[in-house]
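So for the sequence shown, the numbering used here puts the first residue at 271; every next one is plus one.
Worksheet for the structure shown next.
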Amino acid sequence: MKNEESELISRVTKFLGAFELVFGYDWSFTKATICDDKEFRECFIAEDGTFLDPFPGEHFTGGKGDNWANRSLLLSDYRELRAFMISEGLYEPEE
Numbered sequence: 271m272k273n274e275e276s277e278l279i280s281r282v283t284k285f286l287g288a289f290e291l292v293f294g295y296d297w298s299f300t301k302a303t304i305c306d307d308k309e310f311r312e313c314f315i316a317e318d319g320t321f322l323d324p325f326p327g328e329h330f331t332g333g334k335g336d337n338w339a340n341r342s343l344l345l346s347d348y349r350e351l352r353a354f355m356i357s358e359g360l361y362e363p364e365e
């Protein structure tokens with residue numbers, strides 16, 4: 271159990287750090303990106319996408335044209351934390 275606890279703490283810590291970067295430190299960029307210019311926003315989130323699943327059907331990891339590295343880090347850490355919590359029976363998502 272100790273290993274799982276330390277793994278969970280590590281993943282939560284990484285996720286919180288990335289979350290604070292996007293929704294704290296980068297807030298002005300985040301807000302402008304998701305609220306203002308539709309054409310600009312769709313470079314980061316497809317019309318049918320969400321913040322957590324920006325391009326449905328694709329496993330988005332950033333890449334070409336994505337200069338919002340903190341968001342890519344946040345999405346990666348979110349997915350890792352979520353998968354770990356599901357695999358350990360700590361979280362049961364609503365599908």
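From the three backbone atoms N, C-alpha and C, an ideal C-beta is built for every residue, glycine too.
- Residue state for Ala316 is assigned as coil, using DSSP reduced to three classes.
- In terms of Cβ geometry, Phe325 and Gly319 form a close pair [threshold 7 Å].
- Boundaries of the alpha helix (DSSP H) around Asp347: Ala339 to Ser357.
- With fewer than 16 neighbouring CB atoms inside 10 Å of its own CB, Asp307 falls in the exposed class.
- Between the alpha carbons of Ala288 and Asn273 lies a distance of about 23 Å.
- One Cα belongs to Gly327, the other to Ala316, and the distance between them is close to 11 Å.
- Per DSSP, the continuous alpha helix (DSSP H) segment holding Leu286 begins and ends at Lys272 to Glu290.
- For Glu309, the secondary structure class from DSSP, reduced to helix, strand or coil, is helix.
- Short of 6 Å from the beta carbon of Phe354, and not among the five residues preceding or following it, lie these beta carbons of its own chain, in chain order: Arg281.
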